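Numbering (our numbering), first residue to last: 105 to 851.
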């Protein structure tokens, strides 16, 4: 919400604290308003007066914005979609009347705004939240199962975040039907199933010490600890202690002269990050101590002179970001201490999260960073350049009009006008000072300069306000940095701009150098496809791409684009029709694996089951897979089936367990011949080998199935011969059943 200074002063007069959270897929908060209790004598009447005046002020100042929250709920009906505009700070409420044991399937189609959908019971209890990482376009699919008859409330609100614009959405009811026995039992047996999951977790953790590879053991210990924090903090803490020792054991045995050192380095940092994510919210000091104690491996990229973001700063700042809600002062201190050793744009996330809890600390952190950056050579320290552009962009998006100034400038809610102006001028000066040493020379300094110039290009209003005499220089520098390849690159950029502007067609491309034409034709075809004209896109490729291999690949890419586009629009029948013509079969299976899990949400149950059967038939009649792509697709089909028909899902998964046992035995014989599948007798999960990938997919499938039939899923996991893979399946089952399979925690 943007308020004038006068309005904001009124809010502060009445003791109101505003909190605007940073956008993050894991953080979903709404504006928080707190009115302090005055405990001294006579405070009750003063507080009453303040609250009354506050209410009147709120109505007067924001009245025409009822805007901020819709008081009257709209009833949803089948066959009557509702399309509306939603802005920051608003929320729209809807109701749906359900009988006991009915299920309602709804779709909220995002059209330029990223929304979060909340569902509440007739008694007002929040049942769940729905927010998939699809940005500002595409569906949010919502399922409501009525445990009791009554009016259920649906709330649609923007996902809080500084980059989330106003936009439109459509909400509709796909179907209301009697819930199946499977659906009812999965709801009614949640607590029983959760208890079984906890018991299985206990069984699994007792077997973890027998795992030989410390990296596998550590990953499993971390996962188990995360699942136990809320129910058994003592056991969770013990598991984290064991995980820390396992990580240290792995790092101590890494040989920097080994040819697989880079992979080991990445694994070590991944494990360290996992420890921080699990331990940070509970014991940030121990997490920080762990990070610093395990900082023993040298970065193989940095040793070769490459300019990469400092992973250590990122790890410490990720810890600060995690604890902002629970301990903002400690988060602030960690961020300040960390940035004494260098720069990382990751601190912007810390600032944004901190601002929702303690705006003053967030402003101080931003001020300190801005002051440090204005005295830094941004081009010689690329991380500083990236941080400067990120902080400038963040501050700009949080600015509110300074009505008294009347000159188009603004005060920032995050940093002062002076700080903002100084940082802007610093970025401008450094960007324009860069002189390329020659064509086709790419350096960290050049990349930093290009980043700064691109930021300035997006801030034309500020550029006109602060430095109108340098607008032309910025345009010239942008052209210079984007045409580093000489005359040919300049010509390529010219055609790119023309295609984007729609001022060039296939006839014009004939005048381009021969070596550019095929790529330019593909650009034109892609633009036509993006506009929905697939026929024209296909015609351009067929008529003008001269290389037959490149032409076929371009047509395949076009079909893939059409398939994903159809799925995004909910046109499953269209997507499967295009996919059925895909050759070869392994490519068809690979695409099917990517889209099949979208079949179900947003569709009537009968239609979803029919589409899934059609998808299954595309793989072939055999119960076993012919290759890695088919196995992946079959696991994904089984996971999708688990929503509707667990028996059918088990029919797909169980034969794959037998096949997995055969493949893992064969891989043991082939280990090291072409690819490495095992180390110390355990499957390598991190290097993308077929056995490791299948093990991961098997665990996820059994985890989904355990929600509806715990005993059968557990029995299936028992049949896995490899101890480490069986342990992984147990943990997947425990995770799904303990967390209830929900995409967010319900209150």
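Positions of the beta carbon are idealized from the N, C-alpha and C atoms, including for glycine.
Fair warning: this is a prediction, and the values are worked out from it, not measured in the lab.
Residue from 712, 243 and 306 whose Cα sits closest to the Cα of residue 332: Ranking the options by Cα distance to residue 332, first place goes to 306.
Run through DSSP, which three-state label would residue 513 get? Because the pLDDT at residue 513 is just 40, under 50, the model does not fix this residue reliably, and the value given afterwards should be weighed accordingly. The three-state reading of DSSP puts residue 513 in coil, since its state is none of H, G, I, E or B.
For residue 535, which option in 551, 639 and 569 has the closest C-alpha, if you only look at C-alpha atoms? If we check each option's Cα against that of residue 535, 551 comes out closest.
With residue 809 as the anchor, note down where its alpha helix (DSSP H) starts and where it stops. Per DSSP, the continuous alpha helix (DSSP H) segment holding residue 809 begins and ends at 794-810.
Selection from 180, 218 and 210 that minimises the alpha carbon distance to residue 189: Taking the Cα of residue 189 as reference, the smallest distance to any Cα among 180, 218 and 210 is reached at 218.
Is there contact between the stretch 723-733 and the stretch 773-780, where contact requires at least three CB pairs shorter than 8 Å? Cβ pair count under 8 Å is below three, so no.
Closest to residue 745 by CA distance: which of 724, 341 and 711 is it? Of the candidates 724, 341 and 711, the one whose C-alpha sits nearest the C-alpha of residue 745 is 711.
Please classify residue 748 as buried or exposed, where buried requires at least 16 neighbouring CB atoms within 10 angstroms. Around the Cβ of residue 748, a 10 Å sphere holds 16 or more other Cβ atoms; the residue is buried.
Measure the C-alpha to C-alpha separation of residue 565 and residue 492 and round it to an integer number of angstroms. C-alpha separation (whole angstroms): 18 Å.
Residue 319 versus residue 377 - alpha carbon distance: Straight-line spacing of the CA atoms in residue 319 and residue 377 works out to 13 Å.
Can you name, in chain order, every residue of its own chain whose Cβ lies under 8 Å from the Cβ of residue 298, other than the five neighbours on each side? 841, 842 and 844.
Simplified DSSP assignment, three categories, for residue 397: Correct three-state label for residue 397: helix.
Of all the alpha helix (DSSP H) runs that stay within the bounds of the stretch 274-314, which reach a length of 4 or more residues? DSSP runs (the alpha helix (DSSP H)) wholly in the stretch 274-314: 285-292 and 294-311.
What does the Cβ neighbour count give for residue 803, buried or exposed, with the cut at 16 atoms within 10 Å? Buried, because 16 or more other Cβ atoms sit within 10 Å of the Cβ of residue 803.
Given a cut-off of 9 Å, decide if residue 754 and residue 813 are closer than it, judged by their beta-carbon atoms. Judged by their CB atoms, residue 813 and residue 754 are nearer to each other than the 9 Å cut-off.
Look up residue 357 in the DSSP assignment and say whether it is helix, strand or coil. DSSP places residue 357 outside both helix and strand once states are collapsed to three, so it counts as coil.
What three-state label does DSSP hand residue 196 in the structure shown? Look at residue 196 here: in three-state DSSP terms it is strand.
Extent of the continuous beta strand (DSSP E) to which residue 242 belongs: 241-249 is the span of the beta strand (DSSP E), which, as asked, contains residue 242.
Proximity below 9 Å, CB of residue 614 to CB of residue 582: Residue 614 places its beta carbon 9 Å or farther from that of residue 582.
Any contact of the stretch 217-232 with the stretch 300-315, i.e. 3+ C-beta pairs under 8 Å? With a cut-off of 8 Å, the stretch 300-315 and the stretch 217-232 do not count as touching, because too few Cβ pairs lie within range.
Is the beta carbon of residue 829 sitting closer than 9 Å to the one on residue 799? Annotated as proximal: residue 829 and residue 799, with beta-carbon spacing under 9 Å.
Just to confirm the assignment, what range does the alpha helix (DSSP H) spanning residue 566 have? That run of the alpha helix (DSSP H) goes 564-570.
Could you pull the start and end residues of the beta strand (DSSP E) that residue 262 belongs to? Per DSSP, the continuous beta strand (DSSP E) segment holding residue 262 begins and ends at 254-262.
For residue 669, name the three-state secondary structure that DSSP assigns. Of the three classes helix, strand and coil, the one that applies to residue 669 here is helix, per DSSP.
Tell me the DSSP secondary structure of residue 831 in three-state form. DSSP, read as helix, strand or coil, puts residue 831 in helix.
Counting only the same chain and skipping the five closest in sequence on each side, list residues whose C-beta sits under 7 Å from that of residue 663. Closer than 7 Å at the Cβ level, and outside the excluded window around residue 663, lie 682 and 686.
Would you please state the rounded distance, in angstroms, between the beta carbons of residue 531 and residue 556? I believe it to be under 8 Å. Between residue 556 and residue 531 the Cβ distance is about 5 Å, and since that is below 8 Å, they are a contact.
What first and last residue would you give for the beta strand (DSSP E) that runs through residue 435? Segment 432-442 is the alpha helix (DSSP H) holding residue 435; no beta strand (DSSP E) there.
Look at the alpha carbon of residue 420 and the alpha carbon of residue 698, and state the distance between them as a whole number of angstroms. In a straight line, the C-alpha of residue 420 is about 34 Å away from that of residue 698.
Please report how far the alpha carbon of residue 779 lies from the alpha carbon of residue 398, in whole angstroms. Whole-angstrom Cα-Cα distance: 30 Å.
Go through its chain and collect everything with a Cβ distance to residue 480's Cβ below 6 Å, but skip five positions before and after it. The residues are 488.
Give the DSSP bridge partners of residue 201, in chain order. Bridge partners of residue 201: 255.
From residue 282 to residue 206, what does the alpha carbon distance come to, in whole angstroms? Cα-Cα distance, rounded: 5 Å.
Smallest Cα separation from residue 740: which of 805, 684 and 782? Selected option, being the one with the closest Cα: 805.
Beta-carbon spacing of residue 790, residue 735 below 9 Å: Their beta carbons are not under 9 Å apart, which means residue 790 does not touch residue 735 by this criterion.
Decide if residue 702 is buried, meaning its Cβ has at least 16 other Cβ atoms within 10 Å, or exposed. Residue environment for residue 702: buried (at least 16 other C-beta atoms within 10 angstroms of its C-beta).
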